[in-house]
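> What follows is a single structure, and I will ask about it in a moment.
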Amino acid sequence: MSAAPLHIAGERLMLDPAGVLHWPARRLLCVADLHLEKGSAFAARGRLLPPYDTRETLGRLFPLLRRYRPQRVVFLGDSFHDDAGAGRLGAAERAALVQALAGMEAVWVAGNHDPSPPAGLPGVAVAEHADGPLVFRHVPQARATGEVAGHLHPKAAAPTRAGGVVRPCFVSDGRRLLLPAFGAFTGGLDVGDPAVAGLFPRGARVFLLGAERLYSFPAALRRAGAPAA
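In full-length UniProt numbering, the protein residues as written are 1 to 229.
Listed below in structure tokens is the structure:
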């Protein structure tokens, strides 16, 4: 896979097509919105989903940890689909996650779905994580700079010969960066939605996730009150 460079607050960040952020200077890897144990959360409410989302999500995360060998891993909130999600991890998945994080500092940023520290897992739980000129938080804040955030699950459409293709994406204007949701059972919010567009009053670029690379183009942002295309 070919990662793409992006500069924010004077720092060179690398956007991986798998949907994670690598900060080489800090040996930091950041991933947003895993929503682990979403299937079991839905099953508890009588909505049966295949119980394999955690296994699939971790199966995509572990190779990235081995590839980048970060010193610190920042989980950018909503790592679990609810506050009790960490307690529902299967024994095999828990053991594999603990082993994968061995030798790394895990930073669990609180999300709106999982505001409490994940029980029984290594690392520290924080409301947000500041590192140099950057701040990592779950919910983006208005007029923030140097911000790396998740929460909104951005996605965008790109035209192809076979029609439009909708994929998760990074979104940035050089002042802040939104990460795509990494979880197997996560939906997405179009970058044209006012919830996303309102964060980028000067416009932004989309970095659409592809199989081996990112596809970058200007975001078609829609302002609050404007009709959908």
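C-beta: ideal position from N, C-alpha, C; glycine also.
Which same chain residues end up closer than 6 Å to L101 when comparing Cβ atoms and leaving out the 5 residues on each side of it in sequence?
Once the five neighbours on either side are set aside, the close Cβ partners of L101 are P122.
> Please state whether DSSP places Y68 in a helix, a strand or coil.
Residue state, collapsed to three classes: helix.
> Buried or exposed: which applies to S40, given that a residue is buried once 16 or more other Cβ atoms fall within 10 Å of its Cβ?
S40 is buried by the Cβ-count criterion.
> Mind checking whether G183 and H35 have CB atoms under 8 Å apart?
Result yes, Cβ atoms of G183 and H35 sit closer than 8 Å.
> Does the distance from the C-beta atom of D78 to that of G111 stay below 8 Å?
Yes, Cβ-Cβ distance for D78 and G111 is below 8 Å.
> Among S2, F170, A157, which has the Cα closest to the Cα of G150?
Among S2, F170, A157, the Cα nearest to that of G150 is on F170.
> Which whole-angstrom value is the C-beta distance of F200 and A158, which I expect to be below 8 Å?
Between A158 and F200 the Cβ distance is about 18 Å, and since that is not below 8 Å, they are no contact.
> Would the beta-carbon of R69 fall within 8 Å of that of E37?
Contact: no.
> Taking buried to mean at least 16 other C-beta atoms within 10 Å of its own C-beta, is H113 buried or exposed?
Its Cβ being crowded by 16 or more others within 10 Å, H113 is buried.
> Tell me the residue span of the alpha helix (DSSP H) that contains L199.
L199 -> no alpha helix (DSSP H), and no H or E assigned at all.
> At the level of alpha carbons, what is the spacing between A25 and D131?
Cα to Cα, A25 sits roughly 11 Å from D131.
> DSSP has H129 in a bridge; who is on the other side?
According to DSSP, H129 bridges with F136.
> Restricting to runs no shorter than 4 residues, where is the alpha helix (DSSP H) found entirely within the segment 85 to 125?
List check, alpha helix (DSSP H) in window: 91 to 100.
> Can you tell me whether E56 is helix, strand or coil according to DSSP?
Correct three-state label for E56: helix.
> Helix or strand or just coil, what does DSSP make of R26?
Helix at R26.
> From G59 to A219, what distance separates their C-alpha atoms?
Straight-line Cα distance between these residues: approximately 30 Å.
> Can you tell me which of S172, P133, L177 puts its alpha carbon nearest to the alpha carbon of E11?
The shortest C-alpha separation from E11 is found at P133.
> Taking its Cβ as the centre, do 16 or more other Cβ atoms sit within 10 Å of P168, making it buried, or is it exposed?
P168 should be labelled buried.
> Does the distance from the C-beta atom of A3 to that of D16 stay below 8 Å?
Yes, the pair counts as a contact, with Cβ atoms nearer than the cut-off.
> If you measure between the beta carbons of P115 and D82, is that distance less than 8 Å?
The answer is no: Cβ separation not under 8 Å.
> Please name the residue in Y52, T54, R67 whose C-alpha comes closest to that of V20.
Ranking Y52, T54, R67 by Cα distance to V20 puts R67 first.
> Is it true that the CB of V135 sits closer than 8 Å to the CB of L179?
It is not a contact, given that the beta carbons lie outside the stated cut-off.
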